[in-house]
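One structure is given here, and the rest of the page talks about it.
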Amino acid sequence: MSAAVIAEAGRNLIGQTGWNSQTWAEETLARLSLREKIGQTAQERINASTRFLGMSLEEWFERYPVGSVFCGGEIISGCGDTAESSRAAIQTLQAASRLPLLVSGDLESGAGAAVKGLTRMPSALALGATNDTDLAYEYGRWTALEGRQIGFTWTFAPVVDLLRNWLNPVVSNRGLGVSPRHVGRMASAVIRGVQDHGMAACAKHFPGDGVDFRDQHLVTSINSLSEAEWRETYLRVFAEVIQSGVHTIMSGHIALPWLEPLADGERPRPATVSHRVLGFLRDELEFDGVIVSDALEMAGFTGWGRYEDRIIEAFNAGIDVMLWPQIEYFDVMERAVMDGRVTEARLDESVRRILRLKARLGLPGAPLPGATTGGPIVLSDEARQTARKVAESSITLVRNEENILPLDPAKVRRVLLHCAVGLDEKSRDDLSTLVQDFRDRGVEVSLLQNGNCLDVISRERLGERWDAYIVVFSLQIHQLKNTVRPVGQIGEVMWTLQNAETVRPIVVSLGTPYLLQDMPFLKTLVNAYSPSTETQTALARTLWGEIPFSEFSPVDVGGEWHA
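Residue numbers (UniProt numbering): 1 to 563.
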């Protein structure tokens, strides 16, 4: 299917043009009841209504008139339902809602990151490693065009956090790099690609993750930079994406002590409940788009205080859309407005921004996804080609001190492929594409997964020999809580590869770019950044010398021997 046909389908999903979005927003706001206004500020999961047995969908919306829903797999759990079932669910909800719903998702690496069957791009860090803003635009473009066919109108991407701390367990290969200039220009290109094609982008996580070694899913994390350092780094990135016109920004459960000082003996105040931090975003950065909270189930937020107190405090601090606030939110906010803890003027301020965003996306009067095409969901070869180009342009040869790479096809016919992967079968990365790509070249592949520190040397002592020993570390965020380092059984692979006697290990990372921090002794290291199918194929091609490695690294990989 051609790009023109896909683009036309995307345009057909966008509603009226040539009308005043501000007028529609004001007229709609004037007609809303208090509970409907509250609902516009609430975002629930797409299956929220099914948790209330005995209530029809129409009855549920009458009682809980949410303004937006989250669809697909979360970043911490991977892909969700199929494209067809997701589209059907979105159609059903849109038809039942009196006002058009914003439909969001964690489309950080394309629409296929959230929904099975759509194009999954290599990770954002792989994109960062291409250093190509044209590719970044296409990355955003195809995310939007495929996502809009399903019914997505809002992607919680790109991640604009900086990879400043190799121990940080949240950003890793979700980010674009460490340089503010590089991240700003690449993120802005992604944002333009998304928003030029009918979908709202979201820069996250203000005021910036990537400094702390802690995970805001588990505890409030801290961006501990001084004011001068923060202004030279994170401020520059957020200022650039705002200048580029990003529609929305996500607030993280991250403290910023230079602006909101830490009080003795108290927990750090996350940006989500900070008037100062969110006020800075509004006043100094002059951002007038929608501010959405990060998930309100995260301990970085829940640890702040009692449910009702923290919800009201977050809203009053400046959050417009509350991500998964629990259904009690409606009653809590209704009481808060009635007793004056939240003013209706403050509520109207957020609802107005949300309605303007819906109007800007053309949602009023737009047909349901799929209604105009009437046929199957269309995937484009160009989307897959974009994924392939990103993969082939990103794979970085970090070290090649023994000149093992590229492999010589005439000499390397037997390979031991050692996969260091997550222990949970449901979340473990599937590396079968890489294995098959090797076998398609006539290579005999022996497989080893995690295992014991003596596994390789024991086989060597029994007489086994290989022409190459390739160790692939593929550990993504949340496969192990609070770390992306090789630990536990995965960490034992570091021991195993050093025990090998007859082969020199070639180490590849499909996740964290910082393996040298744990293994500064490595002589040969490739950073591939992503376990995507296209990345695995591109990795095989680079290892065999069919295409060149990238000479650009989006991060400082480290590797010095120091404590």
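Backbone N, C-alpha and C fix where the C-beta goes; we use that ideal spot for every residue, glycine too.
On a predicted model such as this, the values are computed, not experimentally measured, just so you know.
Practice prompt. For the region 330–388, list the beta strand (DSSP E) runs that are entirely contained and at least 3 residues long, ordered along the chain.
Written response: If one requires a minimum length of 3 residues, no beta strand (DSSP E) run lies completely within the region 330–388.
Practice prompt. State buried or exposed for residue 409, treating a residue as buried only when at least 16 other CB atoms are found within 10 Å of its CB.
Written response: If you number the sequence shown from 1, residue 409 lands on position 409. Exposed is the call here.
Fill in: Bridge partners - residue 221, DSSP secondary structure assignment
Reading the sequence shown from its first residue, position 221 is the one you call residue 221. 254.
Worksheet item: Between which two residues does the beta strand (DSSP E) carrying residue 291 extend?
Response: Taking the first residue of the sequence shown as 1, we reach residue 291 at position 291. Segment 290–293, the beta strand (DSSP E) holding residue 291.
Practice prompt. Could you tell me the boundaries of the beta strand (DSSP E) in which residue 505 lies?
Written response: The residue you call residue 505 lines up with position 505 of the sequence shown. Per DSSP, residue 505 is one residue of the beta strand (DSSP E) stretching across 505–509.
Practice prompt. My understanding is that residue 143 touches residue 379, with C-beta atoms under 8 Å, so please give their C-beta distance in whole angstroms.
Written response: The residue labelled residue 143 in the question sits at position 143 within the sequence shown. The residue labelled residue 379 in the question sits at position 379 within the sequence shown. The Cβ separation is near 13 Å, so there is no contact.
Item to complete: Classify residue 476 as buried or exposed, calling it buried when 16 or more other Cβ atoms lie within 10 Å of its own Cβ.
Response: Counted from its first residue, the sequence shown places residue 476 at position 476. With 16 or more other CB atoms across the displayed protein chains lying within 10 angstroms of its CB, residue 476 is buried.
Discussion item. To test your reading of the DSSP string, which unbroken beta strand (DSSP E) runs of 3 or more residues are found completely within the region 85–171?
Written reply: Restricting attention to beta strand (DSSP E) runs no shorter than 3 residues, the region 85–171 encloses them at 102–105, ordered along the chain.
Fill in: Distance between beta carbons of residue 275 and residue 317, contact taken as under 8 Å
Here residue 317 refers to the residue found at position 317 of the sequence shown. Here residue 275 refers to the residue found at position 275 of the sequence shown. Going by Cβ atoms, the distance from residue 317 to residue 275 rounds to 5 Å, so yes, they are a contact pair.
Worksheet entry | C-alpha gap between residue 204 and residue 171, whole angstroms | Indexing the sequence shown from 1 puts residue 204 at position 204. Indexing the sequence shown from 1 puts residue 171 at position 171. If you draw a straight line from the Cα of residue 204 to the Cα of residue 171, it comes to about 10 Å.
Practice prompt. Between the Cα of residue 507 and those of 517, 500, 527, spot the shortest distance and give me the residue it belongs to.
Written response: Translated into positions along the sequence shown, residue 507 becomes position 507. Of the candidates 517, 500, 527, the residue whose Cα lies closest to the Cα of residue 507 is 527.
Worksheet item: Which partner residues of residue 416 appear in the DSSP bridge assignment?
Response: Against the sequence shown, residue 416 aligns to sequence position 416. Per DSSP, 446, 469.
Worksheet entry | Own chain, CB closer than 7 Å to residue 549, minus 5 neighbours either side, in chain order | Within the sequence shown, the letter at position 549 stands for residue 549. Excluding residues within five positions, the ones whose Cβ falls inside 7 Å are 395, 396, 397, 542.
Fill in: Per-residue burial, residue 149 [other beta carbons within 10 Å of its own, 16 or more giving buried]
Sequence index remark: in the sequence shown, residue 149 carries index 149 (1-based). Under the 10 Å beta carbon count, residue 149 is surrounded by 16 or more other beta carbons and is classified as buried.
Worksheet item: How is the alpha helix (DSSP H) around residue 396 delimited, first residue to last?
Response: If you number the sequence shown from 1, residue 396 lands on position 396. Not the alpha helix (DSSP H): residue 396 falls in the beta strand (DSSP E), residues 396–400.
Worksheet entry | Identity of the residue in 546, 437, 268, 211 nearest residue 230 by Cα | Residue mapping note: residue 230 aligns to position 230 of the sequence shown, counting from 1. Residue 211 is the option with its Cα nearest to residue 230.
Worksheet item: How big is the Cα-Cα spacing for residue 481 and residue 493?
Response: Translated into the one-based positions of the sequence shown, residue 481 becomes position 481. Translated into the one-based positions of the sequence shown, residue 493 becomes position 493. In a straight line, the C-alpha of residue 481 is about 19 Å away from that of residue 493.
Discussion item. Using 8 Å for Cβ pairs, my map puts residue 457 next to residue 501. What's the rounded Cβ distance?
Written reply: For the purposes of this step, residue 457 is identified with residue 457 of the sequence shown, where counting begins at 1. For the purposes of this step, residue 501 is identified with residue 501 of the sequence shown, where counting begins at 1. Rounded, the Cβ-Cβ distance is 6 Å, consistent with contact.
Practice prompt. Indicate whether residue 358 and residue 100 have their beta-carbon atoms separated by less than 8 Å.
Written response: Residue mapping note: residue 358 aligns to position 358 of the sequence shown, counting from 1. Residue mapping note: residue 100 aligns to position 100 of the sequence shown, counting from 1. It is a contact, given that the beta carbons lie within the stated cut-off.
Fill in: Boundaries (first-last residue) of the beta strand (DSSP E) holding residue 527
As a first step, residue 527 is located in the sequence shown; it is residue number 527 there, counting from the start. Residues 524–527.
Discussion item. Can you give me the C-alpha to C-alpha distance between residue 25 and residue 352, rounded to a whole angstrom?
Written reply: Translated into positions along the sequence shown, residue 25 becomes position 25. Translated into positions along the sequence shown, residue 352 becomes position 352. So the two alpha carbons sit approximately 6 Å from each other.
Item to complete: Taking 8 Å as the cut-off, decide whether the C-beta atoms of residue 125 and residue 114 are in contact.
Response: Residue numbering aside, residue 125 sits at position 125 when the sequence shown is read from its first letter. Residue numbering aside, residue 114 sits at position 114 when the sequence shown is read from its first letter. Not in contact: residue 125 and residue 114 (Cβ atoms no closer than 8 Å).
Item to complete: Give a yes or no on contact between the region 324–344 and the region 251–258, applying the rule of three or more CB pairs nearer than 8 Å.
Response: With the cut-off at 8 Å, the region 324–344 and the region 251–258 do not touch.
Worksheet item: Which residue or residues does DSSP assign as beta-bridge partners of residue 453?
Response: Within the sequence shown, numbered from 1, the residue matching residue 453 stands at position 453. Among the bridge pairs identified by DSSP, residue 453 is matched with none.
Worksheet item: Using the C-alpha atoms, what's the distance from residue 324 back to residue 45?
Response: For this step, residue 45 is matched to residue 45 along the sequence shown. For this step, residue 324 is matched to residue 324 along the sequence shown. Their Cα atoms are separated by approximately 7 Å.
Worksheet entry | residue 356 versus 200, 162, 176, residue with shortest Cα-Cα distance | To locate residue 356, count along the sequence shown from 1; it is residue 356. Of the listed residues, the one whose Cα sits closest to residue 356 is 200.
Item to complete: Please state whether DSSP places residue 37 in a helix, a strand or coil.
Response: As a position in the sequence shown, residue 37 is number 37, starting the count at 1. Residue 37 falls in the helix class under three-state DSSP.
Worksheet item: Can residue 156 and residue 221 be called in contact, C-beta distance under 8 Å?
Response: What you label residue 156 is simply residue 156 of the sequence shown in a count that begins at 1. What you label residue 221 is simply residue 221 of the sequence shown in a count that begins at 1. Annotated as distal: residue 156 and residue 221, with beta-carbon spacing of 8 Å or more.
Discussion item. What would DSSP say about residue 23, mapped onto helix, strand or coil?
Written reply: Walking along the sequence shown from the start, residue 23 turns up at place 23. Correct three-state label for residue 23: helix.
Discussion item. Rounding to the nearest angstrom, what Cα-Cα distance links residue 405 and residue 523 in this structure?
Written reply: For the purposes of this step, residue 405 is identified with residue 405 of the sequence shown, where counting begins at 1. For the purposes of this step, residue 523 is identified with residue 523 of the sequence shown, where counting begins at 1. A straight line joining the alpha-carbon of residue 405 with that of residue 523 spans about 11 Å.
Worksheet item: Would you call the CB atoms of residue 188 and residue 251 closer than 8 Å?
Response: For the purposes of this step, residue 188 is taken as residue 188 along the sequence shown, with counting starting at 1. For the purposes of this step, residue 251 is taken as residue 251 along the sequence shown, with counting starting at 1. Result no, Cβ atoms of residue 188 and residue 251 do not sit closer than 8 Å.
Fill in: Three-way DSSP call (helix, strand, coil) for residue 541 in this model
Residue 541 sits at position 541 when you count from the first residue of the sequence shown. Under the three-state reduction of DSSP, residue 541 is assigned to helix.
Worksheet item: From residue 243 to residue 102, what does the alpha carbon distance come to, in whole angstroms?
Response: Residue 243 sits at position 243 when you count from the first residue of the sequence shown. Residue 102 sits at position 102 when you count from the first residue of the sequence shown. A direct Cα-Cα distance of roughly 23 Å separates residue 243 from residue 102.
Item to complete: Output the boundary residues of the beta strand (DSSP E) element that contains residue 229.
Response: Position 229 of the sequence shown, counting from 1, holds the residue named residue 229. First-last for residue 229: 227–232, but that is the alpha helix (DSSP H), not the beta strand (DSSP E).
Practice prompt. Can you have a look at residue 135 and say buried or exposed, based on whether 16 or more other CB atoms are within 10 angstroms of its CB?
Written response: Sequence index remark: in the sequence shown, residue 135 carries index 135 (1-based). Per the 10 Å Cβ criterion, buried.
Discussion item. Can you tell me whether residue 323 is helix, strand or coil according to DSSP?
Written reply: Here the question's residue 323 lines up with position 323 in the sequence shown. Of the three classes helix, strand and coil, the one that applies to residue 323 here is strand, per DSSP.
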